[in-house]
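Data first, discussion second: the structure below is written as C-alpha cells.
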Amino acid sequence: MKREYLEILKEELVVAIGCTEPIAVVYAAAKASEVLGAYPEKVIIKCSGNFIKNAKSVEIPNGDGLKGILACVALGLVVKGSDKELEILQEVTKEQLEEAKALLEKNIITLEKLETSEKLHIIVECIKGKEHIIVELKRTHNNISKVTKNNEVIYEENLQDDTLKGYSVDRSMMSVEGICKFVKEIDVNELKCLFEQVLAHNTEIAKTGLEKQYGNEVARTIAKYYGEENIYLKLKAMGSAGSDARMGGCPYPVVTVVGSGNQGMTCSLPIIEYAKYKNASEEERYRALAMGLLMSIHQKTGIGRLSAYCGAVSAACGAACGMSYLERGADVKVISDTVTNALSIASGMVCDGAKPSCAAKIATSLDAAILGHLMALEGNVFEVGTGLVKDDVEKTIAAVGTLAREGMQKTDEVILDIMLES
Numbered sequence: 001m002k003r004e005y006l007e008i009l010k011e012e013l014v015v016a017i018g019c020t021e022p023i024a025v026v027y028a029a030a031k032a033s034e035v036l037g038a039y040p041e042k043v044i045i046k047c048s049g050n051f052i053k054n055a056k057s058v059e060i061p062n063g064d065g066l067k068g069i070l071a072c073v074a075l076g077l078v079v080k081g082s083d084k085e086l087e088i089l090q091e092v093t094k095e096q097l098e099e100a101k102a103l104l105e106k107n108i109i110t111l112e113k114l115e116t117s118e119k120l121h122i123i124v125e126c127i128k129g130k131e132h133i134i135v136e137l138k139r140t141h142n143n144i145s146k147v148t149k150n151n152e153v154i155y156e157e158n159l160q161d162d163t164l165k166g167y168s169v170d171r172s173m174m175s176v177e178g179i180c181k182f183v184k185e186i187d188v189n190e191l192k193c194l195f196e197q198v199l200a201h202n203t204e205i206a207k208t209g210l211e212k213q214y215g216n217e218v219a220r221t222i223a224k225y226y227g228e229e230n231i232y233l234k235l236k237a238m239g240s241a242g243s244d245a246r247m248g249g250c251p252y253p254v255v256t257v258v259g260s261g262n263q264g265m266t267c268s269l270p271i272i273e274y275a276k277y278k279n280a281s282e283e284e285r286y287r288a289l290a291m292g293l294l295m296s297i298h299q300k301t302g303i304g305r306l307s308a309y310c311g312a313v314s315a316a317c318g319a320a321c322g323m324s325y326l327e328r329g330a331d332v333k334v335i336s337d338t339v340t341n342a343l344s345i346a347s348g349m350v351c352d353g354a355k356p357s358c359a360a361k362i363a364t365s366l367d368a369a370i371l372g373h374l375m376a377l378e379g380n381v382f383e384v385g386t387g388l389v390k391d392d393v394e395k396t397i398a399a400v401g402t403l404a405r406e407g408m409q410k411t412d413e414v415i416l417d418i419m420l421e422s
C-alpha cells in the first residue's frame, strides 16, 4: 500500500466558503492590503483566462448579492484576514460591505487578462504613493507564490521540484489498481479524521439547497418532478443541491477536492447518500469516499485544475466508483469498468465558468456516471477501440486528459471570448 495516497487526500481536501476562484481573488487582495497597511489609490488585478471565466458570474458569499472579480478585490482589501485563506469570507460585517461598495464606486480597481502558461494564476498590484505591493498566486487556490514590496521580494515559494507543480506528492504514481489496494488496506481510523468534515459540511449545504431557494433550483426541480423515491434520482438531487446553494452565494463551508467545491460535493454527496441507502457500516462509507475522491483526483491530475473540460464529469465518475465499491468492494475490474463506461458517456462537456447552471451539469454528469456504474455491475463495458476507450483503464484516463488539456485548448479560448462579449 502506498501511503502517498493518504498525503494526497490530506493535501486536496480543503475547506472553502464560496466558489474557489472568486475566494482566491479575495484572499490574494487581502494579503496585498495587509502588506500595504492602508487602502490603495490604485489596484490592478491580472487573471489567467480560466480564472476570469470562473470568477465572473457566481455570487459572492456574505456579499449582499455582489458578483465579479472587481467586487472580490474590494472585499479582500476591506476584510483582510488572509490567515483564514479560503474561509476568509466566513464573516463580513455590514460596515465592511459598505466600505467595499464605496471602493468599487471610486473605480480604482482595473482587471487585465494575464498571459500565462498557468491555468490558475492571478497577480494583484496595490499602489499608494511610492508604495507598490505585488502578490502572486498560482497553481492552487490558496498558494500565494510570491510577495513583492517596492521591488523587494519579501516572500517567495520554495519549489524544490517544479515537476510536482506545487504538490507535495508526485501524482504520476496514481493508478486504479493502486487506489484499490490503498482503499482495501488503509486503517479506517486514518480516513475517519479526514472525512468527518466532508460529511458534516457537504451534507449541510446540500440539505440547505433542497430546503431553500438558491440559484435556479435544479435540485428542487429534480425532487419535485422526478421524485425522490428512486435512489438514483435522489443521488442526482443531492449532488446538485449543494451547487445550487453554493453558486447562489450560500455562506456555508464546503470541503473541496482538486480546488473545487462543486467537484467535492459531486463526488462525496452521492456516496454518502448511497451508503445510507445500503445501510453500509461507517467503515464501508469511509472507504467508499476514499475510493471516489482518489479516483476523481486521479482523473484531474491529467486534465489540470482548470480547463474547458467540465470537472463535474470527473467528480461524478469518482462518485460512481465509490458506489461500485459499496456494491463489490475494491474490485479492480469493476472499478475500471465503471471508469471506462462513465468517461465514454459524458467526456467533453464544456466548462463555461462557475454559475448556477453548474448544478444542472452535475445532475447530468451523475446520470451518466450512475449508468456507467450499473452497466459495470452487469458486466457490460464499452469495447476497446470504440471512441476514447483504450486497452487499459490508465490509457483511457490518459486519453481523456489529453482531450481536455490539449484538444480543448482552443475551445477554452473561444468560450472565454464569447463570455467577455458585451
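Numbered per full-length UniProt numbering, the sequence shown spans residues 1 to 422. C-beta atoms are modelled at their ideal positions from N, C-alpha and C, and glycine is treated no differently.
Annotation: residue 223 to residue 339 spans about 27 Å, alpha carbon to alpha carbon.
For the pair residue 43 and residue 59, the Cα-to-Cα distance works out to about 22 Å. For residue 121, the enclosing beta strand (DSSP E) starts and ends at 121-128.
Take residue 80, set aside five residues on each side of it, and the residues of its chain with a beta-carbon closer than 6 Å to its own are 30, 33 and 34, in chain order.
Annotation for residue 337: 376 and 381 place their beta carbon closer than 6 Å to its own, counting only its chain and skipping 5 residues before and after. The alpha-carbon separation between residue 241 and residue 219 amounts to approximately 5 Å. Around the Cβ of residue 173, a 10 Å sphere holds fewer than 16 other Cβ atoms; the residue is exposed. Considered as a whole, the stretch 132-191 harbours 144-149 and 152-156 as its complete beta strand (DSSP E) runs of no fewer than 3 residues, in chain order.
Spanning the alpha carbons of residue 22 and residue 141 requires a straight line of approximately 10 Å. When secondary structure is reduced to three states using DSSP, residue 61 falls in the coil class, being assigned neither helix nor strand. Take the alpha-carbon of residue 364 and the one of residue 40: they are about 45 Å apart. Annotated as proximal: residue 195 and residue 286, with beta-carbon spacing under 8 Å. Beyond the five residues adjoining it in sequence on each side, residue 300 comes within less than 7 Å, by CB distance, of 258, 311 and 314 in the same chain, given in chain order. Straight-line spacing of the CA atoms in residue 232 and residue 92 works out to 38 Å. In the three-state reduction of the DSSP assignment, residue 252 falls in the coil class, being assigned neither a helical nor a strand state. Beta-bridge annotation (DSSP): residue 257 is paired with 260. Only exposed fits residue 213, as fewer than 16 other CB atoms lie within 10 angstroms of its CB.
If you draw a straight line from the Cα of residue 279 to the Cα of residue 326, it is about 10 Å long.
For residue 198 and residue 384, the gap between their C-alpha atoms comes out near 36 Å.
Of the residues 379, 3, 308 and 406, the one whose Cα lies closest to the Cα of residue 188 is 3. No beta strand (DSSP E) of 3 residues or more sits fully in the stretch 368-407. With contacts defined by Cβ atoms closer than 8 Å, residue 262 and residue 246 form a contacting pair. A Cβ-Cβ separation of about 15 Å leaves residue 350 out of contact with residue 316 under the 8 Å criterion.
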